[in-house]
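Chains as they are written, first to last, in the numbering used here: chain A, 238 to 278; chain B, 1198 to 1306. By construction, the Cβ of each residue, glycine as well, lies at the ideal position given by its N, Cα and C atoms. In this text the structure is predicted, and so the values were computed from the model without any measurement.
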């Protein structure tokens, strides 16, 4: 499902942040195309 | 979803290699998870950003979905997601993303 895919990681400051998503999906064989952690203040 | 993020996603989805894109969401609140999933499938439901009225139909998953967990290296999962999975009070955010994906035929990888 992720092997060879490019992932857009959309994290949330109060949830799971984008770098954590990116690390995990990289381990599943994906490349990271873009990541961002949203922060609502 | 902020406007700069929407603009970047639109740019990627309109690029040459758009067929291999997958969106993975990490919001633990139902509203935030659903909003993000809708924005990358049917378009920005708030009609505020570059993806308003732009149905990209990208495949979208929540990072804590079992289908995702099964593909992540166990040590990476434990290090980055294990604690968050334990403190998640309900699977409602996961179900919200799944529901958006299932309503969008092109949004399954």
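- Contact check between the region 1201 to 1211 of chain B and the region 1240 to 1258 of chain B: three or more CB pairs, one atom from each, fall below 8 angstroms, which counts as touching.
- Under the rule that a run must span 4 or more residues, the alpha helix (DSSP H) segments found entirely inside the region 1211 to 1276 of chain B read 1227 to 1238 and 1263 to 1266.
- Looking only at 1240(B), 1284(B), 1224(B) and 1289(B), the smallest Cα-Cα distance to residue 255(A) is reached by 1224(B).
- In chain order, 1224, 1225, 1226, 1227, 1230 and 1259 place their CB closer than 7 angstroms to the CB of residue 1290(B), counting only its own chain and leaving out the 5 sequence neighbours on each side.
- For residue 1288(B), not one C-beta of chain A is nearer than 7 angstroms to its own C-beta.
- Annotated as distal: residue 1269(B) and residue 276(A), with beta-carbon spacing of 7 angstroms or more.
- Rounded to the nearest whole angstrom, the C-alpha separation of residue 266(A) and residue 1222(B) is 17 angstroms.
- Annotated three-state conformation of residue 267(A) is coil, per DSSP.
- Of 263(A), 243(A), 258(A) and 264(A), the smallest CA-CA separation from residue 274(A) is found for 258(A).
- For residue 1286(B), the secondary structure class from DSSP, reduced to helix, strand or coil, is coil.
- Using a Cβ-Cβ cut-off of 7 angstroms, residue 1241(B) is close to nothing in chain A; its nearest Cβ partner there is about 13 angstroms away.
- In the same chain as residue 248(A), and ignoring 5 residues on each side of it, the C-beta atoms closer than 6 angstroms to its own belong to 254, 255, 258 and 274, in chain order.
- In the three-state scheme derived from DSSP, where H, G and I count as helix and E and B as strand, residue 1298(B) is classed as helix.
- Between the alpha carbons of residue 272(A) and residue 1303(B) lies a gap of roughly 22 angstroms.
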